[in-house]
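In our numbering, the protein residues as written are 550 to 881.
Just so you know, even glycine gets a beta-carbon here, dropped at the ideal spot from N, CA and C.
Below: one structure, written as structure tokens.
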Amino acid sequence: MEAAAAAAEMDEIIAGLKNATLEKSPERALPLLKQISDAENNLCDKYDIKGDLLELLGLDDRAVQVQVARCIAEVAKTEAQRDKFTKEDVIGKLVSLLSVDAGSLELTIQVCRALGNICYANDDARSIIKTTKGDERIFALLDLDVDTDEDDRDQFVRVRCGLVSNYLLGSDDIAERAVELKIVGKIEKILARCVSDVDKYEDLLLNILPPLSILTEQISELYFEPSLNKLIAQILAKCTNPDLAESCLALLHFSAQNDDVKLLLAEEGLCETIYKLLEKYKTFANTDEARVLMKLACDLIVLILTGGNYDDLFEEYLRSLVSSEWSLICYD
């Protein structure tokens, strides 16, 4: 009975929304949009409201645009609705509303959510964004310098990187174009600002590193500039969050496949940093989290110690590790 009542109520809400759209009435549309957003996602699956929401999105009313974008973000959590919104007119309009203007943060947050959910496991949506060069506008969001002291800015950091990550999880072509659009340099600028106070910018770092990790998975020949590798090593040395440490270790492991990078990282004191990391987490060795960290750390040390003619440089680190209780233990 409850399900039938909820379905009947949604019928009325959708009918009201269509009337409000025909009348171009923001006042009537706003409460209905909110009701749709707050309802269970699958209640909307049988309806096609794409045209109505696109029409409302075109109104010159910021409050309506925010609620429409929020509504799309919520209903696009289901595959059925995601398919309905995978259209060039909808995606193009949403992308056009993305702004690096801090004054438009509320709208940008909801548009990021909408596009991020549409892009989730959706190669067709990613293809539309790439073909229409919407990725340029998406990556431009990384140029917006924000702190996370306020709730809305904290949310922006999360949804911005969520959108970037969901988009990058597509084809190799998408990742390669992202590199052409200098996404790595944009991320490096963010890391350069965060390295001064890693604890303060912890949330920002936890959100900005995943897109970089995705690029390493998509492009095997990706090369990080020495300055970026140094920043990641410095962040690893300063961080106290195991998730952040794990991300840094994984990125450095990718970079250390190159012999020149191995030497660079050694000169940056990475072996000493990793040794201290092992010391920090050895008392928690029985936890899965610590085991993952330790395996990554040990694998990275082994990688650095192999290849190249850097025996003199690494001898001190090797001696200290072999004499310790760890002895380069790796957990399978």
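**Item:** the stretch 748-758 touching the stretch 768-775, judged by at least three CB pairs closer than 8 Å
**Value:** Touching, no.
**Prompt:** With a CB to CB cut of under 6 Å and the five nearest residues on each side skipped, what residues in its chain are close to Arg-662?
**Reply:** Ala-622, Val-708
**Prompt:** Who are the near neighbours of Asp-792 in its chain, counting only those whose CB is closer than 7 Å to its CB and skipping five residues on each side?
**Reply:** Closer than 7 Å at the Cβ level, and outside the excluded window around Asp-792, lie Leu-755.
**Request:** With a 10 Å radius around its C-beta and 16 neighbouring C-beta atoms as the bar for buried, classify Asp-684 as buried or exposed.
**Result:** Flag for Asp-684 reads buried.
**Request:** Tell me whether Gln-783 sits in a helix, a strand or coil according to DSSP, three-state version.
**Result:** helix
**Asked** What residues in its chain sit with their C-beta under 6 Å from that of Val-713, if we drop five residues either side in the sequence?
**Response** Pro-760
**Asked** Mapping DSSP to helix, strand and coil, what is Val-649?
**Response** Three-state DSSP puts Val-649 in coil, outside helix and strand.
**Prompt:** Taking Cβ positions, are Leu-801 and Leu-814 nearer each other than 8 Å?
**Reply:** In this structure, Leu-814 lies closer than 8 Å to Leu-801 by Cβ.
**Prompt:** Ordered along the chain, which non-local residues of its own chain (more than five positions away) have a Cβ less than 7 Å from that of Lys-626?
**Reply:** Asn-590, Asn-666
**Item:** Closest residue to Ala-839 among Leu-571, Asn-790, Gln-704, Lys-738 (Cα-Cα distance)
**Value:** Asn-790
**Prompt:** Can you round the beta-carbon distance between Ile-739 and Phe-705 to whole angstroms, since I take them to be within the 8 Å contact cut?
**Reply:** At roughly 13 Å, the Cβ-Cβ gap does not stay under 8 Å, so Ile-739 and Phe-705 are not in contact.
**Asked** Would Lys-731 be called buried (16 or more neighbouring beta carbons within 10 Å of its own) or exposed?
**Response** exposed
**Prompt:** Roughly how far, in whole angstroms, is the beta-carbon of Leu-656 from the beta-carbon of Val-695, given that I think they are within contact range, below 8 Å?
**Reply:** 15 Å between Cβ atoms; not a contact.
**Prompt:** Just curious, the alpha helix (DSSP H) that Thr-627 is in, first and last residue?
**Reply:** Looking at the DSSP string, Thr-627 is not in any alpha helix (DSSP H), and its letter there is neither H nor E.
**Message:** Distance check for Asn-778 and Ser-745, CA to CA, integer angstroms please.
**Reply:** For Ser-745 and Asn-778, the distance between alpha carbons rounds to 16 Å.
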